[in-house]
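Protein chains in written order, with this note's numbering: chain D, 1 to 235; chain S, 1 to 189.
Worksheet: the structure to be examined is printed underneath.
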């Protein structure tokens, strides 16, 4: 075993922490090692020197200690933080009140209905209704229904009138076409008749009395048939 | 019969402030001296003592009955002292050269016995300062072991538990610490 180990043993022995067996071993070593013996002497002297340093005694200020351990009063802003939930709640309520008031002011209808708060933008607020007003409103409602009915009927009538007008126009076109054909027929007939009359007049110029009378009869017939044709077409 | 520290802690966990006062009274002197030897500044040591008790009070509910109160308390104090010394404002030169150049400044009323003669007072004060300064000059890892073992009579096993280090490490640090102290103190003579 080296001296390092024994010096630890010397320190232990110096502070009375060495058992009897180790003490014997140490004493045996000290018999043979001058350096360790010197270390033991130095240790004893150092211990004695250290013992000359006395202890100080300054009682603690127990009142100051109590004061220090007592929880310090919180500054006013920290105390406010204890009420922060209430402050937040108040702020939220204020914002709601101000916000709803602003909405009401700009004309938004705010109502508390069965399903919660309802906002209607652009509707007038209906004031509280009396029984008489309710009757009057119902009358208005009935009238409004009649007016709607008239309007609906008027619409249907207008539509029917348009369709009728369309059919009339179609018929007019058809009639015009028929009249044009009749007119053409008449024109053609008139040209033929005028040719026949011209021929008869030429014949009359050199005819006898009997031939004149025959021609007169033919002309009267032609005229009569012509008038009859016109009358028929007119009908 | 005096209640154990652990029983007082249990009562404190139940909200009994008097048990805390009892613990404070029981440990105030030892804790002050531990902090004082660690930081070598009595005013700072008093502040640290107060802070340790405050932390004990505030962390009382975290204390487990199986743990030993003194172990827990010294662990808080050690961490606090080391952290305080590590702060830039509390940095202190700890080389042996600086120690040897240091001189005592004025008399400390704490160490003066009214029965002492003026010369004896001065000598006593010088010795006291040199020893404190020598301890304060040790590196933190050695200093804490020397203070705990020599001045607070803790077993190496207990120190190892507080520092969360193997017992062998604590022993070797003690050997190193005592060797350095021996050299520093012998040079003065």
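Using N, Cα and C, we set each Cβ at its ideal position, and we do this for glycine too.
Top-ranked residue by Cα proximity to residue 9 (chain D), from S:30, S:167 and S:119: In the first chain, counting from the first residue as 1, residue 9 (chain D) sits at position 9. Considering only alpha carbons, the answer is S:167.
Please name the residue, chosen from S:156, S:135 and S:159, that lies closest to residue 178 (chain S) on a Cα-to-Cα basis. Within the second chain, numbered from 1, the residue matching residue 178 (chain S) stands at position 178. Nearest option by C-alpha distance: S:135.
Under 8 Å: do the region 150-164 of chain S and the region 83-95 of chain D share three or more Cβ pairs, one atom per stretch? no
Round the Cβ separation of residue 141 (chain S) and residue 180 (chain S) to the nearest angstrom and send it over; I've been treating them as touching at under 8 Å. Counting from 1 along the second chain, the entry for residue 141 (chain S) is found at position 141. Counting from 1 along the second chain, the entry for residue 180 (chain S) is found at position 180. Residue 141 (chain S) to residue 180 (chain S), Cβ: 12 Å. No contact.
Return yes when the Cβ of residue 35 (chain S) is within less than 7 Å of the Cβ of residue 49 (chain S), no when it is not. Mapped onto the second chain, residue 49 (chain S) falls at position 49. Mapped onto the second chain, residue 35 (chain S) falls at position 35. Yes, the pair counts as a contact, with Cβ atoms nearer than the cut-off.
Could you give the residue range of the alpha helix (DSSP H) that holds residue 56 (chain S)? Reading the second chain from its first residue, position 56 is the one you call residue 56 (chain S). 42-58 is the span of the alpha helix (DSSP H), which, as asked, contains residue 56 (chain S).
Terminal residues of the beta strand (DSSP E) in which residue 110 (chain D) lies: In the first chain, the residue the question calls residue 110 (chain D) occupies position 110. Run containing residue 110 (chain D): 108-113, per the beta strand (DSSP E) assignment.
According to a CB-to-CB cut-off of less than 7 Å, which residues of the region 4-34 of chain S neighbour chain D? 21, 24, 28, 29, 32 and 33
Name, please, each residue of chain D whose Cβ falls closer than 7 Å to the Cβ of residue 178 (chain S). The residue given as residue 178 (chain S) occupies position 178 in the second chain. Those within 7 Å of residue 178 (chain S) in chain D are 11, 43 and 46.
Quick check: is the beta carbon of residue 125 (chain S) nearer than 7 Å to any beta carbon in chain D? Your numbering for residue 125 (chain S) matches position 125 in the second chain. Judged by the 7 Å Cβ criterion, residue 125 (chain S) is not in contact with chain D.
From the beta carbon of residue 25 (chain D), is the nearest beta carbon of chain S less than 7 Å away? As a working note, residue 25 (chain D) is residue 25 in the first chain. Taking 7 Å as the threshold, the shortest C-beta distance from residue 25 (chain D) to chain S does not fall below it.
Considering Cα atoms alone, identify which of S:151, S:85 and S:133 is closest to residue 29 (chain S). In the second chain, the residue the question calls residue 29 (chain S) occupies position 29. Selected option, being the one with the closest Cα: S:151.
Cβ closer than 7 Å: which chain D residues qualify as neighbours of residue 172 (chain S)? If you number the second chain from 1, residue 172 (chain S) lands on position 172. By Cβ distance, chain D contributes 8.
Would you mind telling me which residues of chain D sit closer than 9 Å to residue 132 (chain S), beta carbon to beta carbon, in chain order? Here residue 132 (chain S) refers to the residue found at position 132 of the second chain. Those are 53, listed as they occur along chain D.
Cβ closer than 7 Å: which chain S residues qualify as neighbours of residue 59 (chain D)? Counting from 1 along the first chain, the entry for residue 59 (chain D) is found at position 59. Per Cβ cutoff of 7 Å: 28.
Using 7 Å as the limit for Cβ to Cβ distance, is residue 69 (chain D) near chain S? The sequence position of residue 69 (chain D) within the first chain is 69, counting from 1. Yes, residue 69 (chain D) counts as interfacial toward chain S.
Could you tell me the boundaries of the alpha helix (DSSP H) in which residue 25 (chain S) lies? For the purposes of this step, residue 25 (chain S) is taken as the residue at position 25 of the second chain. 17-39 is the extent of the alpha helix (DSSP H) around residue 25 (chain S).
Report the residues of the region 153-164 of chain S with a CB closer than 7 Å to any CB of chain D, ordered along the chain. 155 and 156
For residue 106 (chain S), which of helix, strand or coil comes out of DSSP? As a first step, residue 106 (chain S) is located in the second chain; it is residue number 106 there, counting from the start. With a pLDDT of 36 at residue 106 (chain S), under the threshold of 50, the modelled position of this residue cannot be trusted; read the value that follows with caution. Correct three-state label for residue 106 (chain S): coil.
Members of the region 50-70 of chain S near chain D, C-beta cut-off 8 Å: 50, 53, 54, 57 and 58
Through-space distance from residue 124 (chain S) to residue 20 (chain D), alpha-carbon basis: On the first chain, position 20 is the one that residue 20 (chain D) refers to. On the second chain, position 124 is the one that residue 124 (chain S) refers to. If I take the Cα positions, the gap works out to 38 Å.
Could you say which of D:155, D:3 and D:49 lies nearest to residue 185 (chain S) if we only look at CA atoms? Position 185 of the second chain, counting from 1, holds the residue named residue 185 (chain S). If we check each option's Cα against that of residue 185 (chain S), D:49 comes out closest.
Pairs of beta-carbons, one from the region 38-52 of chain S and one from the region 221-228 of chain D, closer than 8 Å: are there three or more? no
Starting from the beta carbon of residue 143 (chain S), find every residue of chain D whose beta carbon is closer than 9 Å, and list them in chain order. Your numbering for residue 143 (chain S) matches position 143 in the second chain. In chain order: nothing, as chain D lies at least about 12 Å away.
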